[in-house]
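Residues in the sequence shown are numbered from -7 upward in steps of one, following my numbering.
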Amino acid sequence: MSSRQNAGGGAPAASGTLERLEPLLSGLLVALLVTVTLAVAVAMGGSEQALVARVSPTVGPTAGPTATMLAAAPTLPASPTALSTSWPSPSPPPPSATTLPAQPATPRPSPSRSAACVPPSNWQLYTVRSGESLQTLAWRYWTSDYSILQANCLTSRTLRAGQRIYVPDVAQRQACGRPSGWVAYTVQRGDTLSSLSRRLGVTIAALKNANCLVGDTIYAGATLWVPRPLPTATATRRPAP
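Structure representation (structure tokens):
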């Protein structure tokens, strides 16, 4: 009887204890659920934040710490390329203009006479007059026309008035030309100055001076001045046998 009473009295005591513990257990369960929920939320929030930081980095200042993407460092080549260190050589300065001393004027040579021509040492400078020729000058200065050509390096036998040439420095002969009273004679084949001088009774020098001859050679057909007329040889007919 008493045991039943103890059993019946213990049941209400246990139920009372459960009733007292139920609010505590409910609070613990709620706290546990909240803790789990917060942990899951924190975990999910961290993953999402990391994903956002990987996809698009935050630009500009933010209130809290933000993950930023660093630019990749440039890759250096395996071996540095040698750079040209040669500098262009400086251009030389332009030459400065210098004033040269004035050169004395030198006489220009005759157009028909070579500048490098050197006349004989005993020759003198002579100015050609109107009507003079190489032949007349050669006779006057006791030389030949070829010698005057060679001494003056002339390329033409024609002289002009005012031209300056070199002639021998010797005493001049008298001017050649036709003496008064002399007549023209046509040189025949076989004539010579020597034969004509004997026939005319004059010297060879007189004949040469009258005709301004330099040499002693005359040619058939040429005209000479002589002191008097000479008979011209004519062919005579022989009587027929």
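Don't be surprised by glycine CBs; every beta carbon is placed ideally from N, CA and C.
Treat the numbers as computed from the prediction; the structure is a model and nothing was measured.
Q. Thinking just about the alpha-carbon of each residue, which of Ala198, Val28, Ser148 is nearest to the one in Trp174?
A. Ala198
Q: Starting from Ala143, trace the beta strand (DSSP E) both ways and give me its first and last residue.
A: Premise fails: Ala143 lies in the alpha helix (DSSP H), 137 to 144, not in any beta strand (DSSP E).
Q.
Helix, strand or coil for Ala31? Go by DSSP, reduced to three states.
A. Judged by DSSP in its simplified three-state form, Ala31 adopts helix.
Q: Sort Ile210, Ser187, Arg12, Leu117 by Cα distance to Val162 and report the nearest one.
A: Leu117
Q | Nearest candidate by alpha-carbon position, reference Gly235, set Val159, Pro15, Pro160, Gly182 | A | With the chain covering only -7 through 233, there is no way to say anything about residue 235.
Q. Based on the DSSP secondary-structure assignment, which residues constitute the bridge partners of Trp217?
A. DSSP output for Trp217 lists Ala176 as bridge partner(s).
Q | Same chain only: Cβ atoms within 7 Å of Tyr138, ignoring 5 sequence neighbours per side | A | Hits under 7 Å: none found.
Q | Asn114, buried or exposed, once every other Cβ within 10 Å from all chains shown has been counted against 16 | A | exposed
(Q) If I measure Cβ to Cβ from Asn203 and keep anything under 7 Å in the same chain, skipping five residues before and after, which residues do I get? (A) Leu216, Trp217
Q.
If I measure Cβ to Cβ from Leu192 and keep anything under 6 Å in the same chain, skipping five residues before and after, which residues do I get?
A. Val218, Pro219
(Q) Given this structure, state the Cα-to-Cα distance separating Asn201 from Trp131, to the nearest angstrom. (A) 8 Å
Q) Between the Cα of Arg121 and the Cα atoms of Leu25, Ala23, Val34, Gly154, which residue gives the shortest distance? A) Gly154
Q. Are Asp208 and Leu185 close, meaning C-beta to C-beta below 8 Å?
A. The beta carbons of Asp208 and Leu185 sit closer together than 8 Å.
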